[in-house]
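J.:
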Amino acid sequence: MNLSVLAVASEMSPLVKTGGLADVVGALPAALAREGVNTRTLIPGYPEVLAALGHGETVLAFDDLFGGPAWVQEGKLDRAIVYALVAPHLYARDGGPYADGNGVDYPDNAFRFAALALAAAEIAQGAINNFAADALHAHDWQAALAPAYLHYSAKPRPATIVTIHNIAFQGQFAKELLADLRLPPESFAMDGVEYYGAIGFLKAGLQLCDRITTVSPSYALEIETAEFGMGLDGLLRARAEIVSGILNGVDEGVWNPATDKRIAATYDAATPGARAKNRAALQKRFHLEPDPDAFLLGVVSRMSWQKGHDMLLANLPVLMARHAQLALLGAGEKHLEEGFLAAQDAYPGRVSAWIGYSEDMAHLIQAGADAFVVPSRFEPCGLTQLYALRYGAVPIVSRVGGLKDTIIDANEMAVQAGVATGVQFSPPTTEALAIALRRAEHFFRDKDTWRRLQINGMDTDVSWRHPAQRYAALYREAVAARR
Ligand code: ADP
Ligand code: GLC
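Residue numbers (my numbering): 518 to 1000.
1) Residues in the same chain with beta-carbon distance under 8 Å from G592, minus the five sequence neighbours each way, listed in chain order, please.
2) Could you tell me whether the Cβ atoms of F690 and R557 are closer together than 8 Å?
3) Rounded to whole angstroms, what is the Cα-Cα separation between A524 and Y608?
4) Let me check understanding here. Comparing Cα to Cα, which of T901, R962, H959 and R999 lies closest to V979?
5) Quick one: residues in its chain with C-beta nearer than 8 Å to the C-beta of E565, no 5 flanking neighbours on either side, listed in chain order?
6) Here's the rule: buried if 16 or more other CB atoms are within 10 angstroms of the residue's CB, otherwise exposed. What is V936?
7) Can you give the beta carbon distance from A479 to A587, rounded, assuming they're within the 8 Å contact cut?
8) Can you tell me whether DSSP reads G762 as helix, strand or coil?
9) Go ahead and label K921 buried or exposed: buried means 16 or more other beta carbons lie within 10 angstroms of its beta carbon, across all protein chains shown.
10) Starting from W658, trace the alpha helix (DSSP H) both ways and give me its first and last residue.
11) Please classify A578: is it buried, with 16 or more other beta-carbons within 10 angstroms of its beta-carbon, or exposed?
12) R788: buried (16+ other C-beta within 10 angstroms of its C-beta) or exposed?
13) Taking all protein chains shown into account, do 16 or more other C-beta atoms lie within 10 angstroms of the C-beta of Y713, making it buried, or fewer, making it exposed?
14) Alpha carbon to alpha carbon, how far is T575 from M529?
15) Is the beta carbon of A949 less than 8 Å from the beta carbon of S943?
16) Let's see if you can read the secondary structure: which residues bound the beta strand (DSSP E) around Y623?
17) From this set, H656, K672 and E693, which residue's C-alpha is nearest V679's C-alpha?
18) State the beta-bridge partners of P807 as determined by DSSP.
19) For G722, count neighbouring C-beta atoms within 10 Å of its own C-beta (all shown protein chains included) and say buried if the count is 16 or more, exposed if not.
20) Tell me where the alpha helix (DSSP H) around V835 begins and ends.
21) For the putative contact between H840 and A811, defined by C-beta atoms under 8 Å, what is the C-beta separation to the nearest angstrom?
22) Along the chain, where does the beta strand (DSSP E) that runs through G562 open and close?
23) Considering only the beta carbon of each residue, do I763 and D727 sit closer than 8 Å?
24) So the alpha helix (DSSP H) K720 belongs to, where does it begin and stop?
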């Protein structure tokens, strides 16, 4: 039986992206189509989204959606239908999807994303001709109010699923907004949208949806603990029966070293030697010494406490003494950006920090680095280590969340059995990372073992096939339970 799903999210690659959420939302429709699930995706009509989609048919209109007129415009991305919520008073702005050019959150984010959720709820209840959704799938806090609107509506509703991509972002707003957000008075309660005296968008979604997922089995367990749950662990323990973890996959149309047009030379698991050209190109683009023996580390990441790159910074003096190089691409917290820029000055030709955002550079680093470092303090899934596996850059990762679930540590037995794909460390501390870097370098100096790690990684199935099957099964189960 075919199913129809309305996905709702604040990002969708390649239309608008700030992180892995976009990659996932962009890849799911095609992967799910192969499992008999037709997905239509509702996203905000940011300027870049409307520019990329071009003019489309208006399929739904609102006279007043939180302060101005709005309408839903139908577009296409590859073969999937995308609904853009056009609301100039909410989305026609310079700056990013969530914050202005100075990184300050827009003051009306509550309404910007309540609008997305309210439009989603109406579509899920049949507001668009010839589209009946069996399930609504909301991603992260920006979409999480949709199950709440459906819950408090008198009309029939489809099954609802909320996926947590990162529990650190919860969308909390003043309780005085309740009526303006068109939430009924009775919703302000423990078993509703109330969260520590405020309105919690993610909390509301998790409380009022039918199924909760997150993006790895380990993170699904971690967020039930006080250490990782960030205040929502109690709710998640209470609803543990409906919580599951489904790993992310890699969009192989975008991330495939055999066809990638953004890298210097294409290659696959049978020709990993061709990586040398990308390695040389990477050193050149990043103004690193053209040194074939250096242990070349790569990083592509948001710069934030979560990602743990302060621990890498602290390890640079030792790494440099041991003949390593670092090519880093990232942007985010100023003190980290400045730290890596200072390291670049201190170690010219050995450390190179590209502060900013670049898809081209992200691909080149994956194709050219010897190892790829992800020292996160917590990581719901993580996509860059999956890209690294795919591209033969050996991942060095902390043992948390999705990093724990996707990388097989090169311990003695795993190496003997020929199954290792990377190096893990725990706990996430500077000292434990130091040991992991030393272990990795030791393998790097042993060419046969290193080649084995690279090939095992490249042979790992990181496609969307298995995850898509799990989502399809979950949708079917939730839809059946609702009927
Ligand atoms: P998160 O979503 O927490 O940032 P993920 O590993 O799931 O982490 O996804 C990050 C995505 O963003 C990847 O596609 C990665 O390549 C990309 N990315 C992160 N920083 C940059 C950057 N500075 N330039 C280009 N791509 C980046
Ligand atoms: C979040 C998480 C990351 C995950 C991504 C996509 O941004 O930080 O671990 O891979 O969402 O699910």
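Even for Gly, the Cβ is constructed at its ideal location relative to N, Cα and C.
T.: Reading it off the structure:
1) Against the sequence shown, residue 592 aligns to sequence position 75. Here the set comprises L570, G571, G573, I598, V599, Y600 and A601.
2) As a working mapping, residue 690 is identified with position 173 in the sequence shown. As a working mapping, residue 557 is identified with position 40 in the sequence shown. Cβ distance not < 8 Å, so F690 and R557 don't count as in contact.
3) To locate residue 524, count along the sequence shown from 1; it is residue 7. To locate residue 608, count along the sequence shown from 1; it is residue 91. Computed Cα separation, rounded: 19 Å.
4) In the sequence shown, residue 979 corresponds to position 462, counting from 1. Distances from the CA of V979 to each of T901, R962, H959 and R999 were compared; the closest alpha carbon is that of T901.
5) Against the sequence shown, residue 565 aligns to sequence position 48. Answer for E565: L532 and V533, listed in chain order.
6) Indexing the sequence shown from 1 puts residue 936 at position 419. Burial call: exposed.
7) Past the boundaries of the shown model lies residue 479; the chain is included only from 518 to 1000, so the question cannot be answered.
8) Walking along the sequence shown from the start, residue 762 turns up at place 245. DSSP places G762 in strand when its eight states are reduced to three.
9) As a position in the sequence shown, residue 921 is number 404, starting the count at 1. Answer is buried; the Cβ neighbour count reaches 16.
10) By one-based count along the sequence shown, residue 658 stands at place 141. Its alpha helix (DSSP H) spans residues D657 to A660.
11) Walking along the sequence shown from the start, residue 578 turns up at place 61. With fewer than 16 Cβ atoms within 10 Å of its Cβ, A578 is classed as exposed.
12) Start at 1 with the first residue of the sequence shown, and residue 788 comes out as number 271. For the sequence presented, residue 788 should be read as Thr rather than Arg. Under this definition T788 is an exposed residue.
13) Counting from 1 along the sequence shown, the entry for residue 713 is found at position 196. Classification of Y713: exposed, given that the 10 Å Cβ count is below 16.
14) To locate residue 575, count along the sequence shown from 1; it is residue 58. To locate residue 529, count along the sequence shown from 1; it is residue 12. Answer to the nearest angstrom: the Cα atoms are 20 Å apart.
15) As a first step, residue 949 is located in the sequence shown; it is residue number 432 there, counting from the start. As a first step, residue 943 is located in the sequence shown; it is residue number 426 there, counting from the start. In contact: A949 and S943 (Cβ atoms closer than 8 Å).
16) The sequence position of residue 623 within the sequence shown is 106, counting from 1. Unbroken run through Y623: none, as it is neither H nor E.
17) Here residue 679 refers to the residue found at position 162 of the sequence shown. When only C-alpha atoms are compared, the closest one is H656.
18) The residue you call residue 807 lines up with position 290 of the sequence shown. P807 pairs with nothing; no bridge assigned.
19) Translated into positions along the sequence shown, residue 722 becomes position 205. Using a 10 angstroms sphere on the CB of G722, the tally of other CB atoms reaches 16 or more, which defines it as buried.
20) The residue you call residue 835 lines up with position 318 of the sequence shown. Note, V835: alpha helix (DSSP H), H826 to A838.
21) Residue numbering aside, residue 840 sits at position 323 when the sequence shown is read from its first letter. Residue numbering aside, residue 811 sits at position 294 when the sequence shown is read from its first letter. Approximately 6 Å separates the beta-carbon atoms of H840 and A811; this is inside 8 Å, confirming the contact.
22) Here residue 562 corresponds to residue number 45 of the sequence shown, with the count starting at 1. No beta strand (DSSP E) holds G562; DSSP gives it neither H nor E.
23) As a working note, residue 763 is residue 246 in the sequence shown. As a working note, residue 727 is residue 210 in the sequence shown. Between I763 and D727, the CB-CB gap reaches or exceeds 8 Å.
24) Taking the first residue of the sequence shown as position 1, residue 720 is located at position 203. Per DSSP, K720 is one residue of the alpha helix (DSSP H) stretching across F718 to L725.
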